[in-house]
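Novice: Quick mapping for you: the protein sequence lines, in order, are chains A, B, C and D. Take the first sequence: its position 28, counting from 1, is numbered 27 in numbering that gives the first Met the number 0, and each next residue is one higher. Take the second sequence: its position 43, counting from 1, is numbered 42 in numbering that gives the first Met the number 0, and each next residue is one higher. Take the third sequence: its position 48, counting from 1, is numbered 47 in numbering that gives the first Met the number 0, and each next residue is one higher. Take the fourth sequence: its position 106, counting from 1, is numbered 105 in numbering that gives the first Met the number 0, and each next residue is one higher. For each residue, glycine too, the CB sits at the ideal point set by N, CA and C. In this text, all values refer to a predicted model and were calculated from it rather than measured experimentally. Input: one structure, supplied below.
There are 4 protein chains.
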Amino acid sequence: MTIAVLYGGTRPNGNTETLTKKAIQGLDVEEIYLKDYLIKPIEDKRHAEEGFTKIDDDYNSIIDRILQHEILIFSTPIYWYTMSGTMKNFIDRWSQTLKDAQYPDFKNQMAQKKAYVIAVGGDNPYVKGLPLIQQFQHIFDFMGTNFEGYIIGEGNKPGEILQDTQALYAASKFQESIR
Amino acid sequence: MTIAVLYGGTRPNGNTETLTKKAIQGLDVEEIYLKDYLIKPIEDKRHAEEGFTKIDDDYNSIIDRILQHEILIFSTPIYWYTMSGTMKNFIDRWSQTLKDAQYPDFKNQMAQKKAYVIAVGGDNPYVKGLPLIQQFQHIFDFMGTNFEGYIIGEGNKPGEILQDTQALYAASKFQESIR
Amino acid sequence: MTIAVLYGGTRPNGNTETLTKKAIQGLDVEEIYLKDYLIKPIEDKRHAEEGFTKIDDDYNSIIDRILQHEILIFSTPIYWYTMSGTMKNFIDRWSQTLKDAQYPDFKNQMAQKKAYVIAVGGDNPYVKGLPLIQQFQHIFDFMGTNFEGYIIGEGNKPGEILQDTQALYAASKFQESIR
Amino acid sequence: MTIAVLYGGTRPNGNTETLTKKAIQGLDVEEIYLKDYLIKPIEDKRHAEEGFTKIDDDYNSIIDRILQHEILIFSTPIYWYTMSGTMKNFIDRWSQTLKDAQYPDFKNQMAQKKAYVIAVGGDNPYVKGLPLIQQFQHIFDFMGTNFEGYIIGEGNKPGEILQDTQALYAASKFQESIR
């Protein structure tokens, strides 16, 4: 089984990335840093007569890449108690792909994948990050994607995540379970 | 008391906008459609030595406008069970403003405001929209902003919100309470 | 369609009861005050070899009554941010009924019902009561029961609920929708 | 620092108890099995003129015992997505103690304690148990008690918790952190 990681963070070597690297160490992974791509916000045209306008950015190329993999890891820092705007814009665009004749099988393909969430925050993420987990559950339920598990970690300054031994343990367990 | 509305939606006359218009009818309101402005995603430099880079976009001008008002209404469609990426990018940038010497009093000023959330969704928003409300509570708690109330509405196709008499009633009550 | 109301409150004329009475005014309703019955806490024997012990209390008689109705209203004050212990003990016992040869069709029968929740609390119930709503969603999902809606109200001292015009409006809408 | 454990489970050697025993192994702990005591449901008389009626059961004796300790562990199986009715009845009675002249300092004393929650469930507790964690946060916030952490475990049949290596790891970390 191959894995795609979607990074939603916006600084290099952030805590979420560090934790994710621990989780995927030694695995066959395609890493996608969303911040390095141009992903325009959705313009909601689900009910417009003319339908969605074709958007000229990097979004589709990322969809093409993740559809190759069986496992998707959504790796996002907890910004303001939910996923980063960078990651949110990416997911918002799924509404367009669901109506895109170029991807007639999008939902079905997503329904065959397993998803994991890795999220690190600085302000009591073990409690205040829970609505984010619930939202991912709703997102995956909608797509039919199997939500296999999540890792919450605590950290603020870069490197602090290395103090969160429980998150690190969860990362190592993830790795074992995939191998 | 004057009011600023921040619209996070991305289609004209969407359900969330319609419901919000009912709520603010006849009130003195400054309306800000976030989709009409360039708001770049945050690049998290809270712990970078050099600090945040000055960003050349419309974000600060919107902050300047909302700081004039006592009441803020966050009006967002529920996209994928949380606020739109457009609105999220706006809120993510608060982390920069909190460190911006140009806004030394940002948190304090926000702490003196009252906030409302208006959110409309199509997939059981009365239950699946609840994590979003909890996140706004955390956001406002962090800033010290008074979270005065929220209205959830149900609607998918444009205009459907007009069937949600309970949401409309809540909108009319909001209006009365402000007058 | 006939209705059973399960009251979880423990004082006469409490706010939750008052709000519920508004909702059911003029409807054909069987009212059950759980506090007036002896309902022992479950003793979990789902995996005990001998199975559950027959319990000598009023629980089964209440199950018999609610199974007669198409609509169930769970009316509970929000004690400590969730349903009352009185109501919780009643629901806990469903685990026994699910294994009870006397009720071979319990889950199936519950799956054909519509459920509503009415909950009143004194400490910001519109936000702090949301986990309770999510739990009821999980409970009804498990049983296959259709969770049709909920009303949250705010009130502390008896009678205060009458100030919550939005909750009262929701109660009157419920009534209309059933008639 | 000494510890009191409140067990809310209703079967001997249940999964929650097993996990809790791992967490407290070798520590100085007073264990209280709520099911072994008579704890009547609260009768809400917060606003009754005559005030609360003195209740003749074991509740106060348990309060007396937990007030001796600095750390409280709430160990409850997840029944129907929240704490057991047995534990809920115990917590509901705090409303009475808060008004009880015999315990004038109850809230203050509770505010000086550290609390942990250990909860095991069989139906996707890592997601469906999250509202329970949020409720405990609200409960502890109200009392001023420091919510230090929680362990969620998965298990249905007795002994299954021993397969949940992540929960076991968290239990061992708890133990280390207290020592």
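Could you check the C-alpha separation between residue 61 of chain D and residue 165 of chain B for me, to the nearest Å?
Specialist: Using only the alpha carbons, I get a separation of about 46 Å.
Novice: Could you name the residues of the same chain whose beta carbon sits closer than 8 Å to that of residue 89 of chain D, not counting the 5 residues immediately before and after it, in chain order?
Specialist: Excluding sequence neighbours, residue 89 of chain D sits near 5, 7, 33, 38, 58 and 61.
Novice: Locate the alpha helix (DSSP H) running through residue 58 of chain C, then write down its first and last residues.
Specialist: Residues 58-65.
Novice: Since residue 148 of chain B is in the beta strand (DSSP E), which residue starts that stretch and which ends it?
Specialist: Residues 145-153.
Novice: Are there three or more Cβ pairs, one per stretch, closer than 8 Å when the region 77-92 of chain D is compared with the region 117-130 of chain D?
Specialist: Counting Cβ pairs under 8 Å, three or more are found: they touch.
Novice: Can you name, in chain order, every residue of its own chain whose Cβ lies under 8 Å from the Cβ of residue 157 of chain B, other than the five neighbours on each side?
Specialist: Closer than 8 Å at the Cβ level, and outside the excluded window around residue 157 of chain B, lie 10, 12, 13, 14 and 17.
Novice: Three or more C-beta pairs closer than 8 Å, one from the region 43-58 of chain C and one from the region 20-28 of chain C: is that the case here?
Specialist: Because the criterion of three Cβ pairs below 8 Å is not met, the region 43-58 of chain C and the region 20-28 of chain C do not touch.
Novice: Give a yes or no on whether the C-beta atoms belonging to residue 113 of chain A and residue 147 of chain A are separated by under 7 Å.
Specialist: Result yes, Cβ atoms of residue 113 of chain A and residue 147 of chain A sit closer than 7 Å.
Novice: Do we get a CB-CB distance below 7 Å when we pair residue 66 of chain D with the residues of chain A?
Specialist: Closer than 7 Å: no.
Novice: Name, please, each residue of chain A whose Cβ falls closer than 9 Å to the Cβ of residue 41 of chain B.
Specialist: Within chain A, the residues near residue 41 of chain B are 9, 78, 83, 84 and 85.
Novice: Among residues of its own chain, excluding the 5 on either side of residue 40 of chain C, which ones have a beta-carbon nearer than 6 Å to its beta-carbon?
Specialist: Excluding residues within five positions, the ones whose Cβ falls inside 6 Å are 88.
Novice: Please report whether the beta-carbon of residue 115 of chain C lies at a distance below 7 Å from any beta-carbon of chain B.
Specialist: So, not an interface residue.
Novice: Is it buried or exposed, residue 143 of chain D, if we count other Cβ atoms within 10 angstroms and call 16 or more buried?
Specialist: Residue 143 of chain D comes out exposed.
Novice: If you draw a straight line from the C-alpha of residue 178 of chain D to the C-alpha of residue 21 of chain D, how long is it?
Specialist: Residue 178 of chain D and residue 21 of chain D: Cα-Cα distance of roughly 14 Å.
Novice: Rounded to the nearest angstrom, what separates residue 161 of chain C and residue 97 of chain B at their Cα positions?
Specialist: Whole-angstrom Cα-Cα distance: 42 Å.
Novice: Which residue comes first and which comes last in the alpha helix (DSSP H) that contains residue 74 of chain B?
Specialist: That residue, residue 74 of chain B, is in no alpha helix (DSSP H); its beta strand (DSSP E) goes 70-76.
Novice: Mind pulling the alpha helix (DSSP H) runs of 4 or more residues that sit fully within the region 67-141 of chain B?
Specialist: Listed in chain order, the complete alpha helix (DSSP H) runs (minimum 4 residues) inside the region 67-141 of chain B are 84-91, 93-96, 105-109 and 124-127.
Novice: Distance, Cα to Cα, residue 128 of chain B vs residue 42 of chain D?
Specialist: So the two alpha carbons sit approximately 34 Å from each other.
Novice: Determine whether the Cβ of residue 124 of chain B lies closer than 7 Å to any Cβ atom of chain A.
Specialist: No - not a single Cβ of chain A is within 7 Å of the one on residue 124 of chain B.
Novice: My understanding is that residue 115 of chain A touches residue 132 of chain A, with C-beta atoms under 8 Å, so please give their C-beta distance in whole angstroms.
Specialist: Actually they do not touch by this definition, with Cβ atoms about 11 Å apart.
Novice: Please state if the CB of residue 168 of chain A and the CB of residue 102 of chain D are separated by a distance shorter than 7 Å.
Specialist: Taking 7 Å as the Cβ cut-off, residue 102 of chain D and residue 168 of chain A do not qualify as a contacting pair.
Novice: Strictly under 7 Å for the Cβ-Cβ distance: is residue 138 of chain A near chain B by that measure?
Specialist: Yes, its Cβ sits closer than 7 Å to a Cβ of chain B.
Novice: Would the beta-carbon of residue 81 of chain A fall within 7 Å of that of residue 134 of chain B?
Specialist: In contact: residue 81 of chain A and residue 134 of chain B (Cβ atoms closer than 7 Å).
Novice: Under DSSP, the beta strand (DSSP E) around residue 167 of chain D begins and ends at which residues?
Specialist: Premise fails: residue 167 of chain D lies in the alpha helix (DSSP H), 164-177, not in any beta strand (DSSP E).
Novice: Please classify residue 26 of chain B: does DSSP put it in a helix, a strand, or coil?
Specialist: Looking at residue 26 of chain B - three-state DSSP - the assignment turns out to be coil, as it is neither helix nor strand.
Novice: Alpha carbon to alpha carbon, how far is residue 170 of chain A from residue 118 of chain A?
Specialist: Each residue's Cα considered, the two are about 12 Å apart.
Novice: Does DSSP put residue 18 of chain D in a helix, in a strand, or in coil?
Specialist: Three-state DSSP puts residue 18 of chain D in a helix.
Novice: Using DSSP's beta-bridge definition, name the partner residues of residue 3 of chain D.
Specialist: Note: residue 3 of chain D sits in a beta bridge opposite D/29 and D/71.
Novice: Closer than 7 Å by C-beta to residue 56 of chain C: which residues in its own chain qualify, once you throw out the five before and the five after it? Chain order, please.
Specialist: Once the five neighbours on either side are set aside, the close Cβ partners of residue 56 of chain C are 37, 38 and 39.
Novice: Taking a contact to mean a Cβ-Cβ separation below 7 Å, would you say residue 163 of chain A touches residue 175 of chain A in this structure?
Specialist: Contact: no.
Novice: I'd like to know if residue 145 of chain B contacts chain A, where contact means its C-beta is closer than 7 Å to some C-beta of that chain.
Specialist: No, its Cβ sits nowhere closer than 7 Å to a Cβ of chain A.
Novice: Looking at chain C, which residues of the region 152-164 of chain D have a Cβ within less than 7 Å of any of its Cβ atoms?
Specialist: So the list reads 156 and 157, given in the order they occur along the chain.
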